[in-house]
Structures are given as C-alpha cells and as structure tokens.
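Peer 1: Respectively, the protein sequence lines represent chains G and U.
In this text, residue positions in the first sequence follow my numbering: the first is 1, and each later residue adds one.
In this text, residue positions in the second sequence follow my numbering: the first is 602, and each later residue adds one.
The beta-carbon is built from N, C-alpha and C at its ideal position, and this holds for glycine as well.
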Amino acid sequence: MFACVNIPDFPVAAIVRAEPLLREHAVAVLNGKPPQVRVFALNDKARLLGMEIGMTKLQAAIFEIPEEEGAVAKKIDPKKKSSSIELSKHPVKKQCKPTAAILRQRSPAQEESSHAALLDVAHAFTPRVEDTRPGRLLLDLAGLERLYGPEAAMARELASRVSTVGLECNIGVAANPDAAMHAACGFSGITVIPAGEETKRLGVLPINVLLDSFDIARGKPKTAVAAREREKLQVRMLDTLERWGVRDFRTLALLPEHALAARLGEAGALLQRLSQGTCVRTLALCEPCVHFEEALELESAVETLEPLSFLLNRLLEQLCARLEARALAVQELKLRLQLEPRAADEQAATLQEVAAAQNAVLLPDRREGNLYARTLRLPVAMRDPRVLLKLLRLDLAGHRPGAPVCKLWITAEQARPRSAQRGLFLPVTPETERLEVTLARITGVVGERRAGIAKLLDTHRSDAFQMERFVLQEEPGNRNRGLTLSDPPDVALVALRVFRPSHPICVQMAEGRPCKLAMLTPDAERNELEGKILWAAGPWHSSGDWWAEQSASKSNSEKSQVWDREEWDIALANDGDSSVVLYRIYRDTGTGQWFADASYD
Amino acid sequence: MLPTATLRAQVESSLGEVLSSTLLLREKTAPLTISTGVVALDALTGGLPRGALSEITGTASSGRTGVMLAALAGTTRRDESCALVDASDSFDPTSAAAAGVDLDRLLWVRCSEGDRSSLHKNQRRTALGRLEQVLKVTDLLLQGGGFGMVVLDLGGIPVASARRVPLTSWFRFRRAVEPTATVLLVIEREPCAKTCASLVIRLQRTAVCARDAAPMTETEFHGWKVLKRAEPTIPPTNIVSHAALLRGMQLRAEVERSWTERKPMHSVGARFELRAAW
Numbered sequence: 001m002f003a004c005v006n007i008p009d010f011p012v013a014a015i016v017r018a019e020p021l022l023r024e025h026a027v028a029v030l031n032g033k034p035p036q037v038r039v040f041a042l043n044d045k046a047r048l049l050g051m052e053i054g055m056t057k058l059q060a061a062i063f064e065i066p067e068e069e070g071a072v073a074k075k076i077d078p079k080k081k082s083s084s085i086e087l088s089k090h091p092v093k094k095q096c097k098p099t100a101a102i103l104r105q106r107s108p109a110q111e112e113s114s115h116a117a118l119l120d121v122a123h124a125f126t127p128r129v130e131d132t133r134p135g136r137l138l139l140d141l142a143g144l145e146r147l148y149g150p151e152a153a154m155a156r157e158l159a160s161r162v163s164t165v166g167l168e169c170n171i172g173v174a175a176n177p178d179a180a181m182h183a184a185c186g187f188s189g190i191t192v193i194p195a196g197e198e199t200k201r202l203g204v205l206p207i208n209v210l211l212d213s214f215d216i217a218r219g220k221p222k223t224a225v226a227a228r229e230r231e232k233l234q235v236r237m238l239d240t241l242e243r244w245g246v247r248d249f250r251t252l253a254l255l256p257e258h259a260l261a262a263r264l265g266e267a268g269a270l271l272q273r274l275s276q277g278t279c280v281r282t283l284a285l286c287e288p289c290v291h292f293e294e295a296l297e298l299e300s301a302v303e304t305l306e307p308l309s310f311l312l313n314r315l316l317e318q319l320c321a322r323l324e325a326r327a328l329a330v331q332e333l334k335l336r337l338q339l340e341p342r343a344a345d346e347q348a349a350t351l352q353e354v355a356a357a358q359n360a361v362l363l364p365d366r367r368e369g370n371l372y373a374r375t376l377r378l379p380v381a382m383r384d385p386r387v388l389l390k391l392l393r394l395d396l397a398g399h400r401p402g403a404p405v406c407k408l409w410i411t412a413e414q415a416r417p418r419s420a421q422r423g424l425f426l427p428v429t430p431e432t433e434r435l436e437v438t439l440a441r442i443t444g445v446v447g448e449r450r451a452g453i454a455k456l457l458d459t460h461r462s463d464a465f466q467m468e469r470f471v472l473q474e475e476p477g478n479r480n481r482g483l484t485l486s487d488p489p490d491v492a493l494v495a496l497r498v499f500r501p502s503h504p505i506c507v508q509m510a511e512g513r514p515c516k517l518a519m520l521t522p523d524a525e526r527n528e529l530e531g532k533i534l535w536a537a538g539p540w541h542s543s544g545d546w547w548a549e550q551s552a553s554k555s556n557s558e559k560s561q562v563w564d565r566e567e568w569d570i571a572l573a574n575d576g577d578s579s580v581v582l583y584r585i586y587r588d589t590g591t592g593q594w595f596a597d598a599s600y601d
Numbered sequence: 602m603l604p605t606a607t608l609r610a611q612v613e614s615s616l617g618e619v620l621s622s623t624l625l626l627r628e629k630t631a632p633l634t635i636s637t638g639v640v641a642l643d644a645l646t647g648g649l650p651r652g653a654l655s656e657i658t659g660t661a662s663s664g665r666t667g668v669m670l671a672a673l674a675g676t677t678r679r680d681e682s683c684a685l686v687d688a689s690d691s692f693d694p695t696s697a698a699a700a701g702v703d704l705d706r707l708l709w710v711r712c713s714e715g716d717r718s719s720l721h722k723n724q725r726r727t728a729l730g731r732l733e734q735v736l737k738v739t740d741l742l743l744q745g746g747g748f749g750m751v752v753l754d755l756g757g758i759p760v761a762s763a764r765r766v767p768l769t770s771w772f773r774f775r776r777a778v779e780p781t782a783t784v785l786l787v788i789e790r791e792p793c794a795k796t797c798a799s800l801v802i803r804l805q806r807t808a809v810c811a812r813d814a815a816p817m818t819e820t821e822f823h824g825w826k827v828l829k830r831a832e833p834t835i836p837p838t839n840i841v842s843h844a845a846l847l848r849g850m851q852l853r854a855e856v857e858r859s860w861t862e863r864k865p866m867h868s869v870g871a872r873f874e875l876r877a878a879w
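(1) If I follow the unbroken alpha helix (DSSP H) through G/SER33, where does it start and stop?
(2) Within 9 Å of any Cβ in chain U, is that where the Cβ of G/ARG451 sits?
(3) Using beta carbons (cut-off 9 Å, strictly below), is U/TRP860 in contact with chain G?
(4) What are the residues of the segment 647–669 of chain U that lie near chain G, defined by any Cβ-Cβ distance shorter than 9 Å?
(5) Output the distance between the C-alpha atoms of G/VAL5 and G/PRO34, rounded to the nearest integer angstrom.
(6) Have a look at U/ARG682 and U/SER689 and give me their C-alpha separation to the nearest angstrom.
(7) With C-beta atoms as the reference, is G/ALA397 less than 9 Å away from G/ASN370?
(8) Which residues bound the alpha helix (DSSP H) around G/HIS503?
(9) Which same chain residues end up closer than 7 Å to G/THR429 when comparing Cβ atoms and leaving out the 5 residues on each side of it in sequence?
(10) Pull out every residue of the segment 692–719 of chain U whose Cβ sits closer than 7 Å to any Cβ of chain G, in chain order.
(11) Is the CB of G/TYR372 under 9 Å away from at least one CB in chain U?
(12) Leaving out the 5 sequence neighbours to the left and right, which residues in its chain are closer than 6 Å to U/GLY701 when beta-carbon positions are compared?
(13) Distance check for G/ARG47 and G/VAL29, CA to CA, integer angstroms please.
(14) At the level of alpha carbons, what is the spacing between G/PHE63 and G/ILE102?
(15) Bridge partners of U/SER691, per DSSP?
(16) List, in chain order, every chain U residue whose beta-carbon is nearer than 7 Å to that of G/GLN473.
(17) Whole angstroms is fine: what's the gap from G/VAL246's alpha carbon to G/LYS220's?
(18) Tell me the residue span of the alpha helix (DSSP H) that contains G/GLN593.
(19) Is the shortest distance between the beta-carbon of G/ARG500 and the beta-carbons of chain U less than 9 Å?
(20) Given that G/TYR600 touches chain U, what residues does it touch there, using C-beta distances under 7 Å?
(21) Hey, G/GLU151 and G/LEU167 are a contact pair by Cβ (cut 8 Å); roughly how many whole angstroms apart?
(22) Which residue's Cα is closest to the Cα of G/ILE190: G/ALA159, G/LEU439, G/ILE570?
(23) Applying the criterion that 16 or more other CB atoms from any shown protein chain within 10 Å of the CB defines a buried residue, is G/PRO307 buried or exposed?
(24) Below 8 Å on the Cβ atoms is my contact criterion, and I expect G/ALA440 with G/GLN331 to pass it. Report the Cβ-Cβ distance as a whole number of Å.
(25) Does the pairing of the segment 787–794 of chain U with the segment 651–662 of chain U give three or more beta-carbon distances under 8 Å?
(26) Going by the CB atoms, is the gap between U/ALA877 and G/VAL494 shorter than 9 Å?
(27) Taking U/ALA877 as the query, report the chain G residues whose CB atoms sit under 7 Å from its CB, ordered along the chain.
(28) Out of U/GLN805, U/VAL668, U/PRO759, which one is the CA nearest neighbour of U/GLY648?
(29) Using a Cβ cut-off of 9 Å, which residues of the segment 526–549 of chain G contact any Cβ in chain U, in chain order?
(30) Is G/ILE505 close to chain U? Criterion is C-beta to C-beta, closer than 9 Å.
(31) Rounding to the nearest angstrom, what Cα-Cα distance links G/PHE465 and G/ILE505 in this structure?
(32) Taking three-plus beta-carbon pairs below 8 Å as touching, is the segment 322–336 of chain G in contact with the segment 444–464 of chain G?
(33) State the DSSP-derived secondary structure class of U/THR607, mapped to helix, strand or coil.
(34) Does any C-beta atom of chain G lie closer than 9 Å to the C-beta of U/ALA610?
(35) Do G/GLY538 and G/VAL562 have their beta-carbon atoms positioned less than 9 Å apart in this structure?
(36) Below 7 Å CB to CB, which residues in the same chain sit around G/VAL380 once its five sequence neighbours on both sides are set aside?
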C-alpha cells in the first residue's frame, strides 16, 4: 500500500504554520513584483468570500480587513507583547467579518522550511519516501503494519505527526501511488481505498486532478521545449475531453480503451489507466534532509527583544519538532537576522562597531540590508525549545543587533541526543540544560570570557592561562576516588593571590635589597602596600619569549608577552595596622619599574 | 480553656493544607561533612558541613587561600563540580593546579569592575558593581544547584566593602543551600554572615619558613618570625616559575562558630603548616 500526504494550498499553509493564529481566517497569498502582484494561493475560507487565484492586489484588497477594524492585524503583529496576543484571542472571533481576508506576501523561505518539516515527518515514518512536489509526498507503507496497525491507523498516525509540525494535511491510502495521490488531492481528510475499489471510489473526482499524476507518470521533460510541448498536450487533451463531456474519472474510465488510444494516442491510454487507478509505477525515493533551518519573514520590522523572542520561540518549537521527528538534537544553533535596509544604510558604521565589540558577524548586503549572525555552540546536544530560547535571549541581550529585524533564520546543526544515563552512585552534578542557562546568565552579569575553566599554558611566564568554556566532565577523573575524613589528604600548599594587573610600586633599596615600599598611585583597596620591608629574599631572575622579540614579524601582542624580570619575596610591615604580609614583587629589567605581582596566602 | 494539645491540633488542621507540620519542630540532624583538605582542621572542626554556609577568615597571608585550595582539591578529587566566585579576580590557577585542584571541574567566575569602555552603551548603563556581581552570581549558582562546593572569595576586598553585603543575602544563601548537598564556603577577612554561618574558622599565621638564603633568621617582629630550615639550594621539581624562596607557613586555626555546639565554651585551636609547592 502507498500513502500520499498532501498539504492543500501549500503556500497558505506555510504562512499559517509561521502564524498559527491565521488558521481561523481567510488568507490569500500574493506573489509577483509590483505592479504585477497577484493572488497566488488561497485557503477555502478565502474562496468562500469570492476571492480567486490570479486577482490583482487591488482586487484582493477589497476583501482585506481594514487596519483599524481588524483585531487580527493587531493580534498577529509581532511588535505586541504576549499579554496582548493572548487577550485578543477571544474577541477576534467575534469581530471577524465574513467578508474579511488577510493578505500576505508569498514566502519561499517559509515554504521551503514547511516542506522540509514534512519530509522529516515522512522520513521518520518510513525510509521510502518520494518527494513529489512542495507540500506533497508519497510514502511506501509496505511492512509497516506491525508498527502502526492497519492502513487507517497508519493514516491517522501520519496525520497526527504532520500536525505536530504545524501543518494540516489530506492523506490518501491506496494500492498504487497514483491512486493514493488522487485520493489525497481530491478528498479532504483521510481516505483509505481498498485494493480493487479505486475506480469506484475515485470516480467522482474532477478530471483536472489527473494532471499532476499524468505529468509524473510521463516522466520529467528533458528540455524546456519538451515541457512546453507537454503543457500544450495537456491543454489540448483537456479541451477534447471537455468537448466529449468527460468531466470526472468515472466517465473517462468507462470509455473504450482502444478507441480512446486511437483518438488521443498513448497519452490518452495513460490518462485512462490513471483514472481507473490501475497505473503502477515505482517511487523515486529521496534522501532524508540533513539541513534543519526555519525562516520567518516579517510584515513589519521588530525593534525590541521582547517581541523578537516570541518569534524565536515559534521557530525553535518548529525546529525542535522536526528534530524530534527524526530523533535528533541540536549541537549548534545559528541565528541570522536580516536588519532593515534603511536602518542598515543609516547606521552601517555603528553596526560594524557594535558587531566588532560584541564579537558578532555582520555581513553587509547593499540590496537586502545587513545580515547579523550569532552562533550558539552547545557543549551537549539538547532539544528543549525553552532552554534554547533562554540561551538565545540571553545571548541577544548581550549582543543586540542594533537595528530593526525584518527577517530571521534559525539553523540547527544536528547531533545524536544523549542516550546514556549517568550512574546512580556518581556524585551529583549540575543538570546540563540548567547549567547552560546559568552560565549564560552569569556571562551576562560578569561579561564575556569572565566565567569558565582556566587552562594553564605551557610556559614559565607568570599568570599564564586562558579561559575556556565550562563543560561538565562526564568521565570520572583519574585521581583517587571516595576521599573521606579518614583518608589522609595531600599536604596543603601556600597559594598566591594575584594582582591583575600588577600594581606599580616604588621601592627604596639599601645594600642591594629592597627596604621600603610605597604605592605609586593611591588605591583605597591596596593601601596596605606601603611600609617597611622586614625580610626580602631574591632576586630571582627570569625571562622568556625573548626570541619572539627578535623576530622580524613580531606583532604588538607578541611583544607584550616578552618578560624579563627580577623577583623578590618580601615581608611587608604595614604602617597602618601593624600587620605583616608576604608579597611577591618584581622589577622589570627593561624599564626598571617595580610592580607588586601577588601576595602569599 | 482548651488544652495546648487540642489547640495545636486545631491550628495544624486548619493550616495543614497550606503549611505542613506547622508547629512541629524540625529535628536538627548532624550534616554530612567533607574534608577541608587539612587533617588538623578536620580534627578540629569535623569537616565542612554540606548544605550549610562556612566561613574561613583571616588577614592577608594567613593561609586562607591555601586552605580553600585544599578543600577544592578534595572536592574535585571526588569528581564533584565546584564553583569559585572570585570577587577580586585574584585566583591563581597555577597554585590551584599545584594544590591538586582539577581545574576542569572548577567553574571560575571572575568578578571585577572591568573595562566598561568595551561595553555597549546599554550594557554600560546596566553593568553591576563588583559586589553586586558576586551576590548575583552566587544566587544563580545556588539556584542552579548541582555543585559540590561553591566558594565566595571575598578575601581580596576591604572589610568595609564585605560588610556591606546585606544580612538578607546571607540568609537567602543559607536557605538556598540548605536542602542541597552543596558546601557554601566564604573566604574573607572578618566574619560577615553572622548567625547564617554554621562554621566559622579564623586563621592566623604564626611563622614563616624561608630558605637559608634569607638574610634574616629567627627574627621576631610583631609576633612574626622567620624560621631557618636547611633545604637544598636547587629546587627538587621543575614546576618553579618564580623566586621559590618562601618555603611555607605555620598557621593556627581557631573555631569561632561550629555546627557541633551552639557556643564554644572556650577557644579551641589547632596548628598546622602550609608548604610551598616548590
């Protein structure tokens, strides 16, 4: 058996998927460049209003809801906050007039995302899927009975899965692919046609439903000329059948086969077999999609983070539903924001500065405005849209785009979800998703690269380390486990408390040794760095990276790494509170300047 | 007049849906403890209690940071994750690694005033001071949970600043950490958390061990003395990256407050030694 999943009025469905509140309203999708903007697709409610495909924008605007009356426009305005969206939910139904429609511009990006989502659902159901056309797929159901039950149950399960990605579909199940496709295109809801009853059940369908399957059965035309020839042939055959009074499948199926072939040729015979539901062909299988991207084009640009987060939430829910259908998770999340072109031209310099300061990528595009990109690398694969939204929000709060956003894309780098559970007797560790949100919040408080783990660098330079992202260590360490009070711990060591940056100081020498110390610049927090030196040991001469100084291609950063200094350990008696503190001070032999480097504690 | 038991039963039944065990006194059980990393301190205090706030106080160069690193080393050795909220950005990873801290399990949060010129003007307006950063980060870490030890290092900031931390914050930290297995350890110059702390240890340096190269030996000054110790002139390990002239410190620890007894009847103390890594 084969199943066909068909999304009726697919361009409209793609728009409605991004704006679910439009589901209850008449929606018309416009396409084309001004002044040739015409209605490209409609939903059933718009058809009931009298709208037709091919209408001009002006004609369609007659059916449109006036801005001041339409609560719908307010309801779906992305600038509004959640409370207004929720509150306006019920009054909208009352205010919706039967003569009102909503016009939207066609969005190829959203159609592409919707079709990819449909493909994900189909591939999660069965690996044998034919990508027939946008919004229409054919599935081979052979061997799935043990998993999902009989055909009707399979069709219900499939419809339920499609609805989870925000699409409403018609499903046809039949013994051959074309009959299934005719059922899905001709009937709404779920239609299961038992083998042998195709002619009887499909008989009522109008003849134009055949055109798509006829096109597929004939194969893809190799050249544009051949495609035009085929279109002419289809029109000619439809005209002929219309003149004969053949308007539905049943009439065409009952015509004598030889006489039909004599008049319409091989194409006529093929058309009749299709109408009888006896045409057999193999599916052209497609590979599962590995690119997970959701896009949203906005009617009006969004300026603040609050409404943008609602849109991000919608996209992330769709993305996570797709990933869940494929049993995958997110390892890396890329957010691209297209900024308003006008604002981009005016603020190009500012945006570049902001992007440079925030370590973000700004891709200037003269025609479509600037693209602002942020990448979120996750230490572990996760799929919770709420967590991902929090992380994106916190990231955007620290790295604002600087201009209104008119289009956004979210791309997910797929990964296998974590499957192993930690052991019951392992020490408690922070929950991974929660930890990520906590770390993002901490970064928002203390700044970038101020929270993480310290990785020591392979050098003798003092205070040489680099900050890295904190990642939970799943593997147990190699050290001795289960330390208790009875276990003798290692001997505790004297530690250093480093001054960052080192404090410039003034040191008085006597007999080649420092004897008195004072701060060069007054510092309220370091006022103890003054007094008589009771004890001093040194100097310990150390230098390094001097070889980089001699290099012809040295840069400023390399030059700053060069060190050459004489270190002293001192005991300083503070004049103020008569305390004695141990410090490490050093003299930069290059400049002769003294610095307080650290204290022993 | 109703008997007390009846009155209590009535109050409990009326508030039972809102608050369970309204008038019941919770039995205080002895908390689980972990090692401080110093045998003498463990013997003195019984270890650092989990689900409680502990304070290690002392002046500069009194060995607070050494004890903190020893405690962190013991916790990371048990494969537990730790967090260090560093108020003065003075943590030295090299010392920590030498003390046995697994740096991969230590989240180091460096709070500081920082260079605000690099921030966006909106961020600059909302940028927090150092102490506010410390409190906010600690709140986030304790609410997030899952850390074996959270250390607040206030040892580098003046006592006057540390005392500005409102008592309500310490109460909040104590309440946040109570139902968890986290040790909240505060390093500071003077005790600040008052009654919120379950354990307060005061450290004092009694002597400094220096190499023979030191010019002054057996010198007394304000109760501080340098001991002469015969040591090889060449350091035995290759981890030396600085003067390596200090050999160690002798310390005295005193318990000012403890979870084991409500009020110490007399001053109890212990002596131990911190050795240099070289």
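Peer 2: Taking the coordinates as given:
(1) Sequence inspection shows Lys at residue 33 of chain G; the Ser mentioned does not correspond to that position. If you look at G/LYS33, you'll find it isn't in any alpha helix (DSSP H); DSSP assigns it neither H nor E.
(2) Arg is not the amino acid found at residue 451 of chain G; the sequence shown has Ala there. Taking Cβ atoms only, chain U reaches closer than 9 Å to G/ALA451, which makes this a yes.
(3) No, no contact with chain G.
(4) Across the segment 647–669 of chain U, CB contacts with chain G closer than 9 Å involve GLY647, GLY648, GLY659, THR660, ALA661, SER662, SER663, GLY664, ARG665, THR666, GLY667, VAL668, MET669, in sequence order along the chain.
(5) Using only the alpha carbons, I get a separation of about 34 Å.
(6) As written in the sequence, residue 682 of chain U is Ser, which differs from the Arg given in the question. Roughly 22 Å between the two C-alpha positions.
(7) Between G/ALA397 and G/ASN370, the CB-CB gap reaches or exceeds 9 Å.
(8) Careful: G/HIS503 lies outside any alpha helix (DSSP H), inside the beta strand (DSSP E) at 496–510.
(9) In the same chain as G/THR429, and ignoring 5 residues on each side of it, the C-beta atoms closer than 7 Å to its own belong to LEU472, in chain order.
(10) Residues passing the 7 Å Cβ filter: ASP693, PRO694, THR695, SER696, ALA698, ALA699, ALA700, GLY701, ASP703, LEU704, ASP705, ARG706, LEU707, LEU708, TRP709, VAL710, ARG711, CYS712, GLY715, SER719.
(11) Put simply, the CB of G/TYR372 is far from chain U, with every gap to its CB atoms at 9 Å or more.
(12) Result list for U/GLY701: ALA674, in chain order.
(13) Approximately 12 Å, taken between the alpha carbons.
(14) Taking the straight line from one Cα to the other gives about 8 Å.
(15) Note: U/SER691 sits in no beta bridge, so no partner.
(16) Those within 7 Å of G/GLN473 in chain U are ASP705, ARG706.
(17) Whole-angstrom Cα-Cα distance: 26 Å.
(18) Counting along the chain, G/GLN593 falls outside any alpha helix (DSSP H), and DSSP gives it neither H nor E.
(19) Output row for G/ARG500: interface = yes.
(20) Here the neighbours are SER662, LEU847.
(21) The Cβ separation is near 21 Å, so there is no contact.
(22) Answer by Cα proximity: G/ALA159.
(23) Around the C-beta of G/PRO307, 16 or more other C-beta atoms lie within 10 Å, and the residue is accordingly described as buried.
(24) About 16 Å separates the Cβ atoms of G/ALA440 and G/GLN331, ruling out a contact at the 8 Å cut-off.
(25) The segment 787–794 of chain U is in contact with the segment 651–662 of chain U.
(26) Taking 9 Å as the cut-off, the beta carbon of G/VAL494 is found closer than this to the beta carbon of U/ALA877.
(27) Ordered by position in chain G, the residues that pass the 7 Å Cβ test against U/ALA877 are LEU493, VAL494.
(28) It is U/VAL668.
(29) Those would be ASN527, GLU528, LEU534, TRP535, ALA536, ALA537, GLY538, PRO539, TRP540, SER542, in chain order.
(30) By this cut-off, G/ILE505 is not an interface position.
(31) Near 25 Å, if we compare the C-alpha coordinates of G/ILE505 and G/PHE465.
(32) No, because fewer than three Cβ pairs between the segment 322–336 of chain G and the segment 444–464 of chain G fall closer than 8 Å, the two stretches do not touch.
(33) Helix.
(34) Taking Cβ atoms only, chain G never reaches closer than 9 Å to U/ALA610, which makes this a no.
(35) No, they are not a contact pair.
(36) So the list reads ARG418, THR432, once near-sequence residues are dropped.
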